[in-house]
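Numbering (the numbering used here), first residue to last: 10 to 341.
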């Protein structure tokens, strides 16, 4: 009788252990995502909003954890971790995205999709959106949405009123191929350096400036640069990439709640960036910067210079895709 009781006790303990294990498996899904920049900069703050939203309103389904400020490494390292599944999602800047798939080159070609109106319309065009957002599935990722970090211009320590002015200056860029091609088409041999080296390089005269958005300039660069030239050649984007295998295996209720939070908060982030851009020029002037508007003739020179860049990258982007987006862009 004693042995039988012990046997039942053992079976009961095993059953309770399995029950607890099952409950553990049915617990909240871990949703870890990252960016390389701090959350007080345009675009990055949306990660904080999503974390608060999901953990406050869907904690039974999702446990969201946001890593920022290089806690998970550089932009390239973060994207690699998403492909491997170490992270579930990452913010990928538009300057890096073409290295993942050439279709993203439409966001980095100067004077292609170079306004908020164009990108807002793009999001409403389901066919274009689907074609771009799904192009990374062969690399184990997909894009869910994007937000902005501003409209690009030239931020310099010396005034740039003409293309000829620019050709005498030392300008910083990244090592990405599209930005390098942009500068070389302008007749500038750029200096490549990481973002962390930009501020001392500007102070020491190693470089005279860089291309950067109004929003980032307003928040970060007014102490070291005194001129902003409105070239409006590109919109800075952060694409939100998820691990496709992880995403496709999520239960519908979990996927829906994450998708809804991403859509709601990324739309909010886009509106905030657009508002910041709209008020940036007077704000820059108030901080002592001189804002320069190019004459129509000079602006045309900038635009004409980039035709060779479009031709350079057309074969890898794909003529059909580039033509389709260029036609769409011309209508918006």
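Backbone N, C-alpha and C fix where the C-beta goes; we use that ideal spot for every residue, glycine too. Note that the coordinates shown come from a computational prediction; the quantities given were computed from them, not determined experimentally.
6 Å CB neighbourhood of residue i in its chain, flanking five on each side removed
| i | result |
| --- | --- |
| residue 334 | 115 |
| residue 162 | 237, 238, 239 and 240 |
| residue 83 | 45 |
| residue 337 | none |
| residue 41 | 74, 96 and 97 |
| residue 62 | 270 |
| residue 200 | 179, 181 and 216 |
| residue 39 | 72 |
| residue 299 | 236 |
Rounded straight-line distance, which links the Cα of residue j to that of residue i
| i | j | result |
| --- | --- | --- |
| residue 326 | residue 318 | 12 Å |
| residue 194 | residue 129 | 28 Å |
| residue 48 | residue 78 | 7 Å |
| residue 275 | residue 133 | 14 Å |
| residue 291 | residue 257 | 46 Å |
| residue 243 | residue 203 | 20 Å |
| residue 315 | residue 120 | 8 Å |
| residue 165 | residue 231 | 10 Å |
| residue 54 | residue 331 | 31 Å |
| residue 150 | residue 253 | 4 Å |
| residue 260 | residue 72 | 14 Å |
| residue 142 | residue 103 | 13 Å |
| residue 250 | residue 67 | 21 Å |
| residue 310 | residue 86 | 37 Å |
| residue 206 | residue 177 | 22 Å |
| residue 217 | residue 107 | 27 Å |
| residue 374 | residue 36 | Here the chain covers residues 10 to 341 and nothing more, so residue 374 does not appear. |
| residue 264 | residue 136 | 21 Å |
| residue 169 | residue 301 | 8 Å |
| residue 288 | residue 229 | 16 Å |
| residue 100 | residue 91 | 10 Å |
Residue i, DSSP secondary structure in three states
| i | result |
| --- | --- |
| residue 41 | strand |
| residue 138 | helix |
| residue 200 | strand |
| residue 164 | strand |
| residue 79 | coil |
| residue 9 | The first residue shown for the chain is 10 and the last is 341, placing residue 9 beyond what the model contains. |
| residue 33 | Reliability fails at residue 33, whose pLDDT of 41 lies under 50, so the model's placement of it is uncertain and the value that follows must be treated cautiously. Residue state, collapsed to three classes: helix. |
| residue 85 | helix |
| residue 154 | strand |
| residue 232 | coil |
| residue 70 | coil |
| residue 217 | coil |
| residue 178 | coil |
| residue 302 | strand |
| residue 185 | coil |
| residue 95 | coil |
| residue 104 | coil |
| residue 146 | helix |
Cβ separation of residue i and residue j, assumed to be a contact under 8 Å, to the nearest whole Å
| i | j | result |
| --- | --- | --- |
| residue 185 | residue 105 | 6 Å |
| residue 247 | residue 155 | 6 Å |
| residue 109 | residue 153 | Going by Cβ atoms, the distance from residue 109 to residue 153 rounds to 15 Å, so no, they are not a contact pair. |
| residue 293 | residue 227 | 6 Å |
| residue 122 | residue 131 | 7 Å |
| residue 60 | residue 190 | Actually they are not in contact, since the Cβ atoms of residue 60 and residue 190 sit about 37 Å apart, beyond 8 Å. |
Residues near residue i by beta carbon distance below 7 Å, same chain, minus five either side
| i | result |
| --- | --- |
| residue 159 | 51, 222, 223, 224, 225, 245, 282 and 286 |
| residue 127 | 338 and 341 |
| residue 307 | 171 and 172 |
| residue 208 | 233 |
| residue 196 | 176 |
| residue 255 | 94 and 97 |
| residue 183 | 104 and 201 |
| residue 323 | 331 |
| residue 192 | 180, 182 and 199 |
Cutoff 8 Å; reference residue i; Cβ partners in own chain excluding five residues on either side
| i | result |
| --- | --- |
| residue 262 | 70 |
| residue 297 | 231 and 235 |
| residue 212 | 233 |
| residue 32 | Unreliable placement is indicated for residue 32, whose pLDDT of 39 sits below 50; no coordinate value is reported for it. |
| residue 188 | 104, 117, 182, 199 and 220 |
| residue 210 | 181, 200, 202 and 216 |
Could you name each continuous beta strand (DSSP E) segment of 3 residues or more that falls completely within the region 234-258, going from the start of the chain to the end? Segments of the beta strand (DSSP E) lying fully in the region 234-258: 236-239 and 244-252.
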